[in-house]
Amino acid sequence: MNSSQIYVIAGAGLVSVGLFAWVVRRHLVRRMMGVNILSTGVFMVLIGGARQVEGGPDGVPQAMVLTGIVVAVSATALGLALIQRIYDQRGERSVEERGPM
Amino acid sequence: MRTRRVFEYGVALASLGLGGLVALGALNRRSLEPSAGHVVQGALEQSGVSSVVTAVLLNFRAYDTMLEVVVLVVAFWGAWSLKPVDAQVHRRPADPILMRTVGGMLPVLWLLGIYLLWAGTSRPGGEFASGAVLGACGVLTLLIGERVPATGARPARKLVVVVGVLAFMVAGVAGALSAEGGAEVWSYTASEARGWILAIEVAGAATIAFVLLGLFAGGREGLDVGRRPGESL
Numbered sequence: 001m002n003s004s005q006i007y008v009i010a011g012a013g014l015v016s017v018g019l020f021a022w023v024v025r026r027h028l029v030r031r032m033m034g035v036n037i038l039s040t041g042v043f044m045v046l047i048g049g050a051r052q053v054e055g056g057p058d059g060v061p062q063a064m065v066l067t068g069i070v071v072a073v074s075a076t077a078l079g080l081a082l083i084q085r086i087y088d089q090r091g092e093r094s095v096e097e098r099g100p101m
Numbered sequence: 001m002r003t004r005r006v007f008e009y010g011v012a013l014a015s016l017g018l019g020g021l022v023a024l025g026a027l028n029r030r031s032l033e034p035s036a037g038h039v040v041q042g043a044l045e046q047s048g049v050s051s052v053v054t055a056v057l058l059n060f061r062a063y064d065t066m067l068e069v070v071v072l073v074v075a076f077w078g079a080w081s082l083k084p085v086d087a088q089v090h091r092r093p094a095d096p097i098l099m100r101t102v103g104g105m106l107p108v109l110w111l112l113g114i115y116l117l118w119a120g121t122s123r124p125g126g127e128f129a130s131g132a133v134l135g136a137c138g139v140l141t142l143l144i145g146e147r148v149p150a151t152g153a154r155p156a157r158k159l160v161v162v163v164g165v166l167a168f169m170v171a172g173v174a175g176a177l178s179a180e181g182g183a184e185v186w187s188y189t190a191s192e193a194r195g196w197i198l199a200i201e202v203a204g205a206a207t208i209a210f211v212l213l214g215l216f217a218g219g220r221e222g223l224d225v226g227r228r229p230g231e232s233l
């Protein structure tokens, strides 16, 4: 097993963990973290599973992941702002784990 | 509660199954054939730059990159229109250790961000890496209680948010106006690509850095830090 296969398997594990947290957890910030872990796993699978071409690694998945990371960060920030607004509207600072969501 | 437990186990099984499929698909290299990297390597001379990643981002898939910058700008507008931050960063008491260490680090970080931008045409780097580092510079500047230069002026803010997208549009329109025979409409030819890519990278790095900083600040109030260093609250 070479290092890129380890990255692929670890990335697939992150996809599993993130998907589980996203679907099962009720707390909105935990869900947001689940989506983030899921996207990190997808990035790792893309980079680790990319083929080697002459002159180094494949540039296309690298380019996709490079933009994806920045887009994921800003989407997370917008999501957190929306979560903050939801909590403000309800007049509470957090939703309980088994809350009404 | 029992149905909840069954639901969680079901989701766990489905998640594991999906993860296993993803790992199988990525480990089985046939699924990623044919590799686009060979095509990019073959066409690298036409791109105007020698870095594969920059060639993909700003020449072969430039439309996609433009729309990704648009996604950043839309996220920025969404967050600023929600005004989420009522506990502002600069309302916190100053931390002398943070101010000393970050204050010494900031010029080096600025230099690193500009270097990444300059290196993008031939080495790993480019507008996204540079914008992320410069945005982090801005965030650190806010954290030590200083105002980020030029973010106080409203016209400058409005311009820098859209300039990264405008640069793409200007390049595309210029290509359309100078196109002969219709082969290169809405794009740039190999001879002029390097100049356009440099212009787009500079503008894009400014937009990305400011969008990331603005998302951290959460609104105009978060950017207007007026406290002098060392002043306590």
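Chains as they are written, first to last, in full-length UniProt numbering: chain A, 1 to 101; chain B, 1 to 233.
Built from N, CA and C at the ideal position, the CB exists for glycine as well.
Please read all numbers here as calculations on a predicted model, not as lab measurements.
Asked	Found
Where Gln89(A) falls, given that 16 or more other Cβ within 10 Å makes a residue buried	exposed
Chain B contact residues for Ser3(A), given Cβ-Cβ distances below 7 Å	Correct list: empty, because the minimum Cβ distance to chain B is about 13 Å.
Beta carbon proximity, Ala72(A) to chain B, threshold 8 Å	no
Closer than 8 Å to chain A by CB, Val211(B)	yes
Distance CB(Leu134(B))-CB(Ala79(B)) smaller than 8 Å	no
Minimum C-alpha distance to Ile114(B) - residue among Ala203(B), Val74(B), Leu212(B), Leu21(B)	Ala203(B)
8 Å Cβ cutoff met for Val40(B) and Ala55(B)	yes
Contacts that residue 177(A) makes with chain B (C-beta to C-beta distance below 7 Å)	This structure cannot speak to residue 177(A), because chain A is shown only from 1 to 101.
Asp64(B) burial status per 10 Å Cβ neighbour count (16 or more: buried)	exposed
C-alpha distance - Leu166(B) paired with Thr3(B), whole-angstrom precision	53 Å
Pair within 8 Å by beta-carbon distance, Gly164(B) and Thr207(B)	yes
Exposure of Thr141(B), with buried meaning 16 or more beta-carbon neighbours within 10 Å	buried
Leu66(A) at chain B interface by Cβ criterion, 8 Å	yes
Test: Arg85(A) CB closer than 8 Å to a CB of chain B	yes
C-beta neighbour in chain A for Glu8(B), strict 8 Å	yes
Contacting residues, own chain, Cβ-Cβ under 8 Å from Val70(B) (five flanking each side not counted)	Val165
Rounded C-alpha distance that separates Val73(A) from Met169(B)	25 Å
Where Val8(A) meets chain B, residues with beta-carbon distance less than 9 Å	Val22, Ala23, Ala26, Leu27
Straight-line gap, Trp77(B) to Val35(A) (C-alpha atoms, nearest Å)	22 Å
Min CB distance Phe20(A) to chain B below 8 Å	yes
Residues near Ile200(B) in its chain [Cβ-Cβ closer than 7 Å; skip 5 each side]	Leu58, Ala167, Phe168, Ala171
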